[in-house]
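A.B. asks:
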Amino acid sequence: MSDRLTQLQECINEQAGHFCNAVGVLQGSAAPCGFDTNKEMQDEPYCDLYASLIARTAKDIELFIDSIPVEENMADLNKEELANVNEKRKELCADLEEAVDDGEELVSRLRDKLDQIARVQINSRPSK
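In my numbering, the protein residues as written are 56 to 183.
Put into structure tokens, the structure is as follows:
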């Protein structure tokens, strides 16, 4: 989802750039006009360009927003994902407990063998 949000942010930044460029170009190149601007706007070469850029970017923004998962579905997905992770955790805990039990048994057997070795060494020493 973060990838979608990043794409949406980039698209919004692009739209802001289009607005800034459109205002800057139109301000720098437009002749003073009166209140009846419909005919004068048709003569501007940049109006169609920026209008199409802004409209296309607005449509892209709308598509990105529509592609973001609905929060309700995310909650259900998160619950399912958490349930799956919890089951996996339980399995891993059982495996770990079994490994600890096996380790404790091996340590106990090792201690017994070390005790036997120590007794044999003590008993095999020559007495003085």
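Backbone N, C-alpha and C fix where the C-beta goes; we use that ideal spot for every residue, glycine too. No experiment lies behind these values; they were computed from the predicted model shown.
(1) Grouping DSSP H, G and I as helix and E and B as strand, with all else coil, what is Arg111?
(2) So does the region 64-71 actually touch the region 107-124, counting three or more Cβ pairs closer than 8 Å?
(3) With 16 other CB atoms within 10 Å as the buried threshold, where does Cys148 fall?
(4) Just checking my contact of Ile109 with Ala77 at CB under 8 Å: how many whole Å lie between their CB atoms?
(5) Count the other C-beta atoms from every protein chain shown that fall within 10 angstroms of the C-beta of Cys75, then say buried if there are 16 or more, exposed otherwise.
C.D. replies: Taking the geometry as given:
(1) Helix at Arg111.
(2) Yes, the region 64-71 is in contact with the region 107-124.
(3) Burial call: exposed.
(4) Between Ile109 and Ala77 a beta carbon distance of about 7 Å is seen, short of the 8 Å cut, so the two are scored as contacting.
(5) Exposed is the call here.
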